[in-house]
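Converting from the sequence shown to the working numbering requires adding 188 to each position, the first position being numbered 1. Note that beta-carbon positions come from the ideal geometry of N, C-alpha and C, so glycine has one too. No experiment lies behind these values; they were computed from the predicted model shown. Data block below; observations after.
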Amino acid sequence: MPEEDRIKEIFMDQLKLDESIVSRELTFDSLAIDSLELLELVVAIEEEFDITLDDQLLSRMETLGEMSDFIMEKIKG
């Protein structure tokens with residue numbers, strides 16, 4: 189499975205999202221994600237891709253697309 193698809197799958201699993209609403213433009217504000225949910229999402233991504241992410245930097249991202257792009261950059265090194 190391509191990495192971008194796996195990231196999307198992790199978003200859906202961790203945030204309990206239906207695939208029909210997941211898009212790059214979907215905002216975290218619209219999902220009302222709390223800090224624990226964000227932490228669980230970050231941990232799942234770090235474990236899946238064996239990377240370390242800056243929680244504070246991620247918490248400033250507004251959309252799934254922004255976060256996905258950032259994660260892809262970290263994966264590719």
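The beta carbon of Glu-191 sits closer than 7 Å to those of Met-260, Ile-263, all from its chain and outside the five residues before and after it, given in chain order. For the pair Glu-228 and Gln-244, the CB atoms are not nearer than the 7 Å cut-off. By the Cβ-count criterion, Ile-233 is buried, with 16 or more other Cβ atoms from all chains shown falling within 10 Å of its own Cβ. The closest CA to that of Asp-242, considering only Leu-226, Thr-251, Glu-236, Leu-252, is found on Leu-226. Between the alpha carbons of Asp-206 and Met-200 lies a distance of about 6 Å.
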